[in-house]
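Asks:
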Amino acid sequence: MNESQQNQISAPYDDEIDLRQLFRVLWAGKWLIGGVTFAVTVIAVIVALILPNIYRAEALLAPHDQEGASGLSALAAQYGGLASLAGINIDSGRADKTALGLEVLKSRKFISEFIERHDILVPLMATQEWDDETGQVMIDPDDYDVTARKWIREVSPPKKTIPSLQEAHEKFTDNLSVEQDMKTGFVTVAVEHYSPTVAKQWVDWLVQDLNSSIMRQNVAEAEQAIEYLNEQISNTALADLQNVFFNLIEEQTKIVMLAKVSNEYLLKTLDPAVAPEKKFRPKRSLIVVLSAFLGLFLAVAATLVSMAVRPKKAG
86 MNESQQNQIS APYDDEIDLR QLFRVLWAGK WLIGGVTFAV TVIAVIVALI
136 LPNIYRAEAL LAPHDQEGAS GLSALAAQYG GLASLAGINI DSGRADKTAL
186 GLEVLKSRKF ISEFIERHDI LVPLMATQEW DDETGQVMID PDDYDVTARK
236 WIREVSPPKK TIPSLQEAHE KFTDNLSVEQ DMKTGFVTVA VEHYSPTVAK
286 QWVDWLVQDL NSSIMRQNVA EAEQAIEYLN EQISNTALAD LQNVFFNLIE
336 EQTKIVMLAK VSNEYLLKTL DPAVAPEKKF RPKRSLIVVL SAFLGLFLAV
386 AATLVSMAVR PKKAG
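Start counting the sequence shown at 86; every next residue gets the next number (the numbering used here).
#1: Could you check where the beta strand (DSSP E) with residue 353 kicks off and where it finishes?
#2: Rounded to the nearest angstrom, what separates residue 274 and residue 199 at their Cα positions?
#3: Exposed or buried, residue 288, counting other C-beta atoms within 10 Å across all chains shown (16 or more means buried)?
#4: According to the Cβ coordinates, are residue 376 and residue 125 closer than 7 Å?
#5: Report the three-state DSSP secondary structure of residue 245 (helix, strand or coil).
#6: What beta strand (DSSP E) runs, 3 residues minimum, are completely inside the stretch 320-368?
#7: Going by C-alpha distance, which of 131, 181, 110, 115 is nearest residue 372?
#8: Assuming residue 272 and residue 183 are in contact, meaning their beta carbons sit under 8 Å apart, how far apart are those beta carbons, in whole angstroms?
#9: Considering residue 197, what are the terminal residues of the alpha helix (DSSP H) in which it resides?
#10: Going by alpha carbons, who is nearest to residue 370 out of 136, 111, 282?
#11: For residue 356 and residue 144, what's the separation of their Cα atoms in angstroms?
#12: Thinking residue 187 and residue 263 are a contact (beta carbons under 8 Å), I'd like their distance in whole angstroms, please.
#13: DSSP on residue 61, reduced to helix/strand/coil?
#14: Hey, would you say residue 230 sits closer than 7 Å to residue 238, going by beta carbons?
#15: Reducing DSSP to helix, strand and coil, say where residue 208 ends up.
#16: DSSP state of residue 281, grouped into three classes?
#17: Indicate the three-state DSSP secondary structure (helix, strand or coil) for residue 383 in the structure shown.
#18: Indicate the three-state DSSP secondary structure (helix, strand or coil) for residue 272 in the structure shown.
#19: Comparing alpha-carbon positions, which option in 108, 117, 138, 146 lies nearest residue 292?
#20: Tell me whether residue 141 is buried or exposed, calling it buried when 16 or more other Cβ atoms sit within 10 Å of its Cβ.
#21: Skipping 5 residues on each side, what residues in its chain have a beta carbon closer than 7 Å to that of residue 260?
#22: Does residue 217 pass the burial test, meaning 16 or more other C-beta atoms within 10 Å, or should it be called exposed?
#23: Measuring CB to CB, does residue 114 end up less than 7 Å from residue 282?
#24: Would DSSP call residue 267 helix, strand or coil?
#25: When you compare each of 300, 210, 268 to residue 346 by their alpha carbons, which one comes out closest?
#26: Based on Cα-Cα distance, which residue from 358, 117, 350 lies nearest to residue 391?
#27: For residue 246, collect the residues of the same chain with a Cβ closer than 8 Å to its Cβ; drop the 5 residues on either side in sequence, then sort them by chain order.
#28: Give me the DSSP bridge partner(s) of residue 222.
#29: What do you get for residue 134, buried or exposed, if any count of 16 or more other CB atoms within 10 angstroms of its CB means buried?
#30: Whole angstroms are fine: how far does the CA of residue 394 sit from the CA of residue 106?
#31: With DSSP run on the structure shown, which of helix, strand or coil describes residue 147?
#32: Measure the beta-carbon distance from residue 383 to residue 121 and round it to whole angstroms, keeping in mind my assumption that it falls under 8 Å.
#33: Compare the Cα-Cα distances from residue 206 to each of 224, 368, 192, 307 and report the closest residue.
Put into structure tokens, the structure is as follows:
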């Protein structure tokens, strides 16, 4: 019992001795700790200053009401059974055209056509920085010869000197953000780039091209449906079925009309993109602070390890 009590009494003193020893070790290695922390911090400052500014432009959009789709849903509830007798399926479920459109926006086909249509392969793949005084995009001379209008970059296979559309798609989607708020349905489309004006322009083009693409697709489908329904009217003598077909033609015609009336067919702009005045990244102060803490941690760890190994070598 006395031995146990002595152990309990001596334990705090052992802890205190260990703590003092720890401080002695750290104090002995203060120059190493200070030097490593200072060096890492200086390197972090240099890197943070070298990193170019990235700007983010974004637009807030709202799904456009699809009146034609709701009309078709009403017809499906009223005449779905009768139309099925004639071999015509009226889809009663209203597809989420917004979700479909957002998937199209991120698709390889849409992005590839977007890059080709607006001829943005060079500013996408070869931009080095943005000159805020002249407002010009600076092209990396190691990647693209502006004078000769020729790609000269050196890359390893499977990449090629002239960037492929697949590589360009990956690069573009890395700088593209498409998010939808599930509660409000609002959509945010954002693009990051070295140039704030380029980022803003690309967001505008994306919204315009997406609306135009979905509009053309739906108009083509509606016109095909109208042609098919006119054929069905001429091939049936049932007045009830003809009435169904006429109502369907009316709804499809309404879809075509609404599509051609507004430029914002799928998504309407609530808050358009603007050229941002402030950079989005890098967070230079955060980089420096985190690097300083990392340098301090590594220096302390190295000091403790060196002090722990030194007695073993002596022995």
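For glycine and all other residues, C-beta sits at the position ideal for the given N, C-alpha and C.
Small disclaimer: the values here were computed from a predicted structure and weren't measured.
Replies: Checking against the coordinates, here is how it stands:
#1: One-based indexing of the sequence shown puts residue 353 at position 268. Looking at the DSSP string, the run of the beta strand (DSSP E) that includes residue 353 is 352-356.
#2: Here residue 274 refers to the residue found at position 189 when the sequence shown is read from its first residue. Here residue 199 refers to the residue found at position 114 when the sequence shown is read from its first residue. Taking the straight line joining both Cα atoms gives about 15 Å.
#3: Residue mapping note: residue 288 aligns to position 203 of the sequence shown, counting from 1. Classification of residue 288: buried, given that the 10 Å Cβ count is 16 or more.
#4: Within the sequence shown, numbered from 1, the residue matching residue 376 stands at position 291. Within the sequence shown, numbered from 1, the residue matching residue 125 stands at position 40. Pairing residue 376 with residue 125 gives a Cβ-Cβ distance under 7 Å.
#5: Sequence index remark: in the sequence shown, residue 245 carries index 160 (1-based). The answer is coil: DSSP assigns residue 245 none of H, G, I, E or B.
#6: Within the stretch 320-368, the complete beta strand (DSSP E) runs of at least 3 residues are 352-356.
#7: Looking up residue 372 in the sequence shown gives position 287. Comparing C-alpha distances from residue 372 to each of 131, 181, 110, 115 shows the shortest one belongs to 131.
#8: Within the sequence shown, residue 272 is the residue found at index 187, counting from 1. Within the sequence shown, residue 183 is the residue found at index 98, counting from 1. About 7 Å; that satisfies the 8 Å criterion.
#9: The residue given as residue 197 occupies position 112 in the sequence shown. Residue 197 -> alpha helix (DSSP H) spans 193-203.
#10: Your numbering for residue 370 matches position 285 in the sequence shown. Ranking 136, 111, 282 by Cα distance to residue 370 puts 136 first.
#11: For the purposes of this step, residue 356 is taken as the residue at position 271 of the sequence shown. For the purposes of this step, residue 144 is taken as the residue at position 59 of the sequence shown. Rounded to the nearest angstrom, the two C-alpha atoms are 6 Å apart.
#12: Counting from one through the sequence shown, the residue named residue 187 turns up at place 102. Counting from one through the sequence shown, the residue named residue 263 turns up at place 178. Residue 263 and residue 187 do touch by the CB rule: their CB atoms are close to 6 Å apart, below 8 Å.
#13: Coverage of the chain is limited to positions 86 through 400, which leaves residue 61 absent and any answer about it impossible.
#14: Residue mapping note: residue 230 aligns to position 145 of the sequence shown, counting from 1. Residue mapping note: residue 238 aligns to position 153 of the sequence shown, counting from 1. Taking 7 Å as the cut-off, the Cβ atoms of residue 230 and residue 238 do not count as close.
#15: For the purposes of this step, residue 208 is taken as residue 123 along the sequence shown, with counting starting at 1. Residue 208: helix per DSSP, three-state reduction.
#16: Taking the first residue of the sequence shown as 1, we reach residue 281 at position 196. Helix at residue 281.
#17: For the purposes of this step, residue 383 is taken as residue 298 along the sequence shown, with counting starting at 1. The answer is helix: DSSP assigns residue 383 an H, G or I state.
#18: Taking the sequence shown and counting its residues from 1, the one referred to as residue 272 is at position 187. Residue 272 falls in the strand class under three-state DSSP.
#19: Along the sequence shown, read from residue 1 onward, the residue named residue 292 stands at position 207. Nearest of 108, 117, 138, 146 to residue 292, Cα basis: 146.
#20: As a first step, residue 141 is located in the sequence shown; it is residue number 56 there, counting from the start. Here residue 141 is buried. Its C-beta has 16 or more other C-beta atoms within 10 Å.
#21: On the sequence shown, residue 260 is found 175 positions in, with the first residue counted as 1. Within the same chain, 276, 277, 278 come within 7 Å of residue 260 by CB-CB distance, once the 5 residues on both sides are set aside.
#22: Here residue 217 refers to the residue found at position 132 of the sequence shown. Counting every other CB atom within 10 Å of its CB across the protein chains shown gives residue 217 a total below 16, marking it as exposed.
#23: To locate residue 114, count along the sequence shown from 1; it is residue 29. To locate residue 282, count along the sequence shown from 1; it is residue 197. Inclusion of residue 114 and residue 282 in the CB contact set at 7 Å is not warranted, their separation being larger than that value.
#24: Sequence index remark: in the sequence shown, residue 267 carries index 182 (1-based). DSSP, read as helix, strand or coil, puts residue 267 in coil.
#25: Residue numbering aside, residue 346 sits at position 261 when the sequence shown is read from its first letter. Of the candidates 300, 210, 268, the one whose C-alpha sits nearest the C-alpha of residue 346 is 300.
#26: Locating residue 391 in the sequence shown gives position 306, counting from the first residue. Of the candidates 358, 117, 350, the residue whose Cα lies closest to the Cα of residue 391 is 117.
#27: As a working note, residue 246 is residue 161 in the sequence shown. The residues are 236, 237, 238, 239, 240.
#28: Against the sequence shown, residue 222 aligns to sequence position 137. Paired residue(s): 215.
#29: As a first step, residue 134 must be located in the sequence shown, where it is residue number 49. Within 10 angstroms of the beta-carbon of residue 134 lie fewer than 16 other beta-carbons, which makes it exposed.
#30: Walking along the sequence shown from the start, residue 106 turns up at place 21. Walking along the sequence shown from the start, residue 394 turns up at place 309. Going from the Cα of residue 106 to the Cα of residue 394 covers about 15 Å.
#31: By 1-based counting over the sequence shown, the position of residue 147 is 62. Reduced to three states, the DSSP call for residue 147 is strand.
#32: Here residue 383 refers to the residue found at position 298 of the sequence shown. Here residue 121 refers to the residue found at position 36 of the sequence shown. Confirmed, Cβ separation roughly 6 Å.
#33: Residue mapping note: residue 206 aligns to position 121 of the sequence shown, counting from 1. Per the Cα distances, 224.
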